[in-house]
Amino acid sequence: PAIPGRVLVKRLSQGETPPGARACLDDVSLTECERAAPERALSFLRRDRAFQPLFQQILGPAFSDLPAPVQRLHDVAGRRNWTGMAEVTRSRGILARLVARLFGFPPAADATPVRVEMVRNAESEVWTRDFGGHRFRSRLRADATRPGRMWERFGPFDFAIDLGADGSGLAYPVRAGRCLGLPIPGVLLPRSQTREAVDTEGRVTFDVALSMPLVGKIVRYRGWLEPDQPIRGDQALPAS
83 PAIPGRVLVK RLSQGETPPG ARACLDDVSL TECERAAPER ALSFLRRDRA FQPLFQQILG
143 PAFSDLPAPV QRLHDVAGRR NWTGMAEVTR SRGILARLVA RLFGFPPAAD ATPVRVEMVR
203 NAESEVWTRD FGGHRFRSRL RADATRPGRM WERFGPFDFA IDLGADGSGL AYPVRAGRCL
263 GLPIPGVLLP RSQTREAVDT EGRVTFDVAL SMPLVGKIVR YRGWLEPDQP IRGDQALPAS
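Taking the working numbering, I'd label the letters of the sequence shown as residues 83 to 322.
This is how it looks when you write it as structure tokens:
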């Protein structure tokens with residue numbers, strides 16, 4: 083703290099520091115610290131690397147084929163929140179209810195508020211979905227060897243999804259799965275009819291329908307989302 087202190091003392095002496103309490107975020111730059119410690123045996127290292135949102139990294143050039151609002155949905159650099167409304171339908175079968183409970187899917191509702199929080203970590207995104215107070219979470223990451231493939235983890239389950247991007251939206255077909263690291267047989271692999279698109283009002287829409295062989299329909303939830311706050315890069319992505 084001594085070097086930032088020297089920077090701030092100099093600013094105070096020159097009347098360059100505004101009065102009042104506030105969060106000291108980004109108040110002192112690395113360049114100022116370097117200048118404040120010329121006589122000390124210190125070295126400074128800075129590494130810069132280009133940042134890509136996770137879905138742009140996975141899809142490559144195909145990301146630009148997506149409608150602009152869907153691109154905005156997946157422009158996650160830190161923490162993003164989207165809110166909207168959804169309809170949820172559930173199967174009444176015993177096995178389907180057990181599977182839905184295992185994954186934490188929301189209960190049936192004709193219209194329920196929905197909030198999706200997306201948090202970008204070093205190599206993944208964590209999505210927390212809140213349907214009227216019922217929350218469930220998954221972690222998404224790129225496949226290290228297969229372009230266009232994403233892995234989504236729900237607890238002990240991990241699913242390979244080959245993303246499909248075009249001018250109308252984004253599809254999420256499940257291609258493989260693992261449980262506790264062991265392959266899930268095809269006869270037990272969930273089927274996903276999931277798509278993100280854009281409605282006539284320019285809002286992002288989602289339609290997620292999940293089923294399983296021997297079980298049938300598990301859950302379907304569909305609705306729309308809007309961002310809670312302005313999005314980085316909005317000016318470069320005109321509304322469609």
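Even for Gly, the Cβ is constructed at its ideal location relative to N, Cα and C.
Since we're looking at a predicted model, the values are computed, not measured.
Boundaries of the alpha helix (DSSP H) in which residue i is found, first to last residue
{"i": "residue 152", "result": "150-155"}
{"i": "residue 95", "result": "84-95"}
{"i": "residue 181", "result": "176-185"}
{"i": "residue 242", "result": "Looking at the DSSP string, residue 242 is not in any alpha helix (DSSP H); the run it does join, the beta strand (DSSP E), is 239-244."}
{"i": "residue 112", "result": "112-118"}
Option in the options with minimal Cα separation from residue i
{"i": "residue 161", "options": "145, 136, 176, 174", "result": "136"}
{"i": "residue 266", "options": "203, 240, 183, 171", "result": "240"}
{"i": "residue 255", "options": "261, 242, 249", "result": "242"}
{"i": "residue 290", "options": "272, 89, 284", "result": "272"}
{"i": "residue 308", "options": "205, 285, 191", "result": "285"}
{"i": "residue 158", "options": "250, 234, 206", "result": "206"}
{"i": "residue 197", "options": "219, 178, 292, 101", "result": "219"}
{"i": "residue 251", "options": "264, 155, 195", "result": "155"}
{"i": "residue 303", "options": "190, 95, 179, 183", "result": "190"}
Close Cβ partners of residue i (< 7 Å) along its chain, the five nearest in sequence each way excluded
{"i": "residue 144", "result": "247"}
{"i": "residue 230", "result": "140, 141, 244, 245"}
{"i": "residue 228", "result": "none"}
{"i": "residue 181", "result": "294, 297, 300"}
{"i": "residue 261", "result": "238, 239"}
{"i": "residue 201", "result": "161, 207, 208"}
Residue range of the unbroken beta strand (DSSP E) whose run includes residue i
{"i": "residue 297", "result": "That residue, residue 297, is in no beta strand (DSSP E); it is neither H nor E in DSSP."}
{"i": "residue 169", "result": "161-172"}
{"i": "residue 262", "result": "Neither: residue 262 is in no beta strand (DSSP E) and is coded neither H nor E."}
{"i": "residue 327", "result": "Missing from the structure shown is residue 327; the chain here goes from 83 to 322 and no further."}
{"i": "residue 228", "result": "First-last for residue 228: undefined, no H or E at that position."}
Contacting residues, own chain, Cβ-Cβ under 8 Å from residue i (five flanking each side not counted)
{"i": "residue 97", "result": "none"}
{"i": "residue 193", "result": "167, 168, 169"}
{"i": "residue 217", "result": "186, 210, 211"}
{"i": "residue 128", "result": "112"}
{"i": "residue 225", "result": "140, 231, 232, 233, 242"}
{"i": "residue 93", "result": "99"}
{"i": "residue 152", "result": "251, 252, 278, 279, 280, 286"}
Same chain, Cβ closer than 6 Å to residue i, neighbours up to 5 away in sequence not counted
{"i": "residue 287", "result": "279, 281, 306"}
{"i": "residue 269", "result": "295"}
{"i": "residue 188", "result": "170, 213, 216"}
{"i": "residue 199", "result": "163, 210"}
{"i": "residue 118", "result": "85, 88, 89"}
Under the three-state DSSP convention, the category residue i falls into
{"i": "residue 201", "result": "strand"}
{"i": "residue 143", "result": "helix"}
{"i": "residue 137", "result": "helix"}
{"i": "residue 269", "result": "helix"}
{"i": "residue 190", "result": "coil"}
{"i": "residue 127", "result": "coil"}
{"i": "residue 248", "result": "strand"}
{"i": "residue 282", "result": "coil"}
{"i": "residue 289", "result": "strand"}
{"i": "residue 255", "result": "coil"}
{"i": "residue 158", "result": "coil"}
{"i": "residue 98", "result": "coil"}
Assumed close pair residue i, residue j - CB separation to whole angstroms, cut-off 8 Å
{"i": "residue 277", "j": "residue 258", "result": "About 20 Å separates the two Cβ atoms, so there is no contact after all."}
{"i": "residue 147", "j": "residue 249", "result": "6 Å"}
Distance cut-off 7 Å: residue i Cβ against heavy atoms of the ligand NAP
{"i": "residue 100", "result": "Inclusion of the ligand NAP in the displayed structure is not the case, the ligand content being empty and no account of it being possible."}
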